[in-house]
Each structure stands twice: as structure tokens, then as C-alpha cells.
Amino acid sequence: MKTPPNASLADAAGAGPQRHHPGTAHTGSVTLVGAGPGDPDMLTVAAVKAIAAATVILVDDLVDASVLAFASRTARIVHVGKRGGCASTPQAFIERLMVQEARAGETVVRLKGGDPMLFGRGGEEVETLRAEGIPVRVVHGITAALPAASSLGVALTHRDHAHGVVFVTGHHQPNERSFNWAQLAGCARDCHLTLVIYMGIATLATIEAGLMQGLPLDTPVAVIENATRPTQRTAVTTLQRLTETVRELQLRSPAVLIVGDVLRGLSALAASAEDGTPYPSRPAAAGVVAPTLHVA
Ligand code: SAH
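In our numbering, each number is its position in the sequence shown, counted from 1, plus 95.
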């Protein structure tokens, strides 16, 4: 699906917003919508419909601006970004705003990067809204790690290499007990699990040091920055060279890390990268931009 010129898709499809006003005793609703990893072609049909029907859209900062082309021209768009614990709109404020707008009769969409229920604070928001008696529903989105992996031609659960996959965050609350990366690495090794780490760039040295206590030093690791965006960059390296590679290539957030033997097939890729063959050698899947690949 190509992004339409601003806004009119909603109205043309008759799916435009229904605004109700205070005094009509009508409570609005909140829909938590996953905007996917960036490329608007990865929105679900349900997401496009929800965005088109919204009268108020609260947008996280990982949401690609192109997604807003599906909003009605009359929708009120509020940017409430908050990145990796930086000072920005506090979560409590966002939740209050959702409640207030829904009580005022608005059809609220809370638009989040990837999937709203995976490291998206969707769980907390659903709990708050339910406690306040506000109707809430969830429209899932494609989480960043999936197209990140497939852009490398890798399946996170390739049955020759992995029994499962663990999605884990590298960002922990300051008051939380430190996360035991060594123990996780041991589990991944013993149970043949792929690790996918979100929000890991800021704490990379800690992650690397912990994982090296439980996994072989030559375990392959991929770092995929800005998956599905025209700016996507990808590096494939080993656990013991992870921090160094990220520093050398200046890879930045948003990026996901993939750790494990599902990446082993990429050694063939390393050979082809060395002889200068561009990757991927076949056309990228629809909507996926061919990554710039670095093999370190
Ligand atoms: N709910 C989101 C995750 C939000 S947490 C999802 O399901 O994808 C934010 C983290 O997601 C980032 O720090 C990064 O690790 C990852 N991320 C989000 N978009 C990304 C993208 N386009 N490419 C790579 N990583 C991304």
C-alpha cells in the first residue's frame, strides 16, 4: 500500500473520525495502535482504519511521520515522545491525557512504534484505562526485530539452530536490581535460544561483558539500526567484538541486537562481503530497504 497524499484516505474511505462532545454523555475510547518499525507499508489494515477514524492521535517518537498521512485532516495530533528514559513527556501525563480526551468524547489513538504491547508500555496503559472505565482496544503492529532479522535473510527460530527466541530489554529502571546477563546467556546456550535485545545500545558494554560469561566469544551478533527505513544500517560481528564494532561504525539507537547461532549462515555472507558482493544479492522483500551491511 502506498502512502496517500496527506490525509484524505480516511475521509474518502468513509472511515473518517467520529467526534463526540462533552454534554452528549458519550465516552470516547482509546485504541493502542502499533505503527510498525518505520516503513508505512508495514501497517496492518486494522491500524490504518484506526488511525483514519481517530479524532486525537498521541504519537510516540519512534513512529515514522509518514504513518500520519493516514490520519484525517481534522484529527488533532499530539507528539508525546519519550526516548530511552530521557526527559520528555512523563508516562503519567500521557495516561492522564488519554483518559481526559476519551472522557471528552474523543476517539483517541495512541500510536506507538512496532507493537504497542512489546516494550511499549501498552500493558500499563491498558490497566490504567480499564481502571478508569475507558473502553480500550489494541491493534498489534510488527515489532522491529522481525523485519530486522528478515532483512538479513535470517529466521529467529530457524529449527536447525534455535528452539525459541527471547525478547529482552537492555534498559532497566534505575532502582531495579541489575539484570543477570550471564545467567541469560547460560540459558540461551543450554536451551538453544536466540536473544533479541531492544534498547541495548546505551548499555552495550554491560551486555557484552555479561553475555560473554555464558556464551562462546565467537557467537555471532547482528546490530540492525533503523530497520525498514531508508537509513537502515546493519553490522554482523561476534560477541567479543560487539562494543568495538558498534563504536567503530557509530551505530545508534534505535537498533536491535540479534545474538545466536541463527546468524551462523551469515559467515557465507561475510565471505561475499569481503569479495565486494553487495548484500542482499537478491532484491529486498517488498517494503524492506536493502541494508548497508558491515561485517566486522
Ligand atoms: N514497541 C517497539 C519497541 C519499543 S522500545 C517494537 O515492538 O518494536 C524501543 C526500541 O525498539 C529501540 O531502542 C530499538 O531497540 C527498537 N526499535 C524500534 N524501532 C526500530 C527500528 N526501526 N530499527 C531497529 N530497532 C528499532
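Note that CB positions come from ideal geometry on N, CA and C, so glycine has one too.
Problem - Distance between T314 and L224 (C-alpha atoms, nearest Å) - result: Against the sequence shown, residue 224 aligns to sequence position 129. Against the sequence shown, residue 314 aligns to sequence position 219. Rounded to the nearest angstrom, the two C-alpha atoms are 43 Å apart.
Handout entry: Reduced DSSP secondary structure (H/G/I, E/B, other) of E220
Key = For the purposes of this step, residue 220 is identified with residue 125 of the sequence shown, where counting begins at 1. In the displayed model, E220 falls within a helix according to three-state DSSP.
Exercise for the section: Compute every distance between the C-beta of I229 and the non-hydrogen atoms of the ligand SAH, then say whether any falls below 7 Å. Expected result: Locating residue 229 in the sequence shown gives position 134, counting from the first residue. No.
Practice task
Provide the residue(s) that pair with K207 in DSSP beta bridges, ordered along the chain.
Solution key: Counting from 1 along the sequence shown, the entry for residue 207 is found at position 112. Paired residues: G129.
Practice task
Pick helix, strand or coil for R171, following the three-state DSSP scheme.
Solution key: The sequence position of residue 171 within the sequence shown is 76, counting from 1. Three-state result, R171: strand.
Handout entry: Segments assigned beta strand (DSSP E), at least 3 residues, entirely inside the region 275 to 334
Key = Whole beta strand (DSSP E) segments, 3+ residues: 288 to 293, 315 to 320 and 328 to 333.
Problem - Integer Cβ distance of A250 from V357, believed to fall under 8 Å - result: On the sequence shown, residue 250 is found 155 positions in, with the first residue counted as 1. On the sequence shown, residue 357 is found 262 positions in, with the first residue counted as 1. With a Cβ gap of about 7 Å, A250 and V357 count as contacting.
Practice task
Would you check whether the ligand SAH has a heavy atom nearer than 7 Å to the C-beta of M294?
Solution key: Numbered from its first residue, the sequence shown carries residue 294 at position 199. Answer for M294: yes, Cβ within range of the ligand SAH.
Practice task
Could you say if the region 141 to 156 and the region 250 to 262 meet the contact criterion of at least three C-beta pairs nearer than 8 Å?
Solution key: no
Handout entry: Check whether V261 and L288 have beta carbons under 8 Å apart
Key = Taking the sequence shown and counting its residues from 1, the one referred to as residue 261 is at position 166. Taking the sequence shown and counting its residues from 1, the one referred to as residue 288 is at position 193. In this structure, L288 lies closer than 8 Å to V261 by Cβ.
Practice task
Please report the Cβ distance between F214 and T264, rounded to the nearest whole angstrom; I am assuming they are in contact, meaning their Cβ atoms lie under 8 Å.
Solution key: As a working note, residue 214 is residue 119 in the sequence shown. As a working note, residue 264 is residue 169 in the sequence shown. Going by Cβ atoms, the distance from F214 to T264 rounds to 6 Å, so yes, they are a contact pair.
Practice task
State buried or exposed for S376, treating a residue as buried only when at least 16 other CB atoms are found within 10 Å of its CB.
Solution key: Stepping through the sequence shown from its first residue, residue 376 is reached at position 281. Confidence at S376 is low in this model, with a pLDDT of 34, below 50, so the placement of that residue should be treated as unreliable; the coordinate-derived value is given next. That one is exposed.
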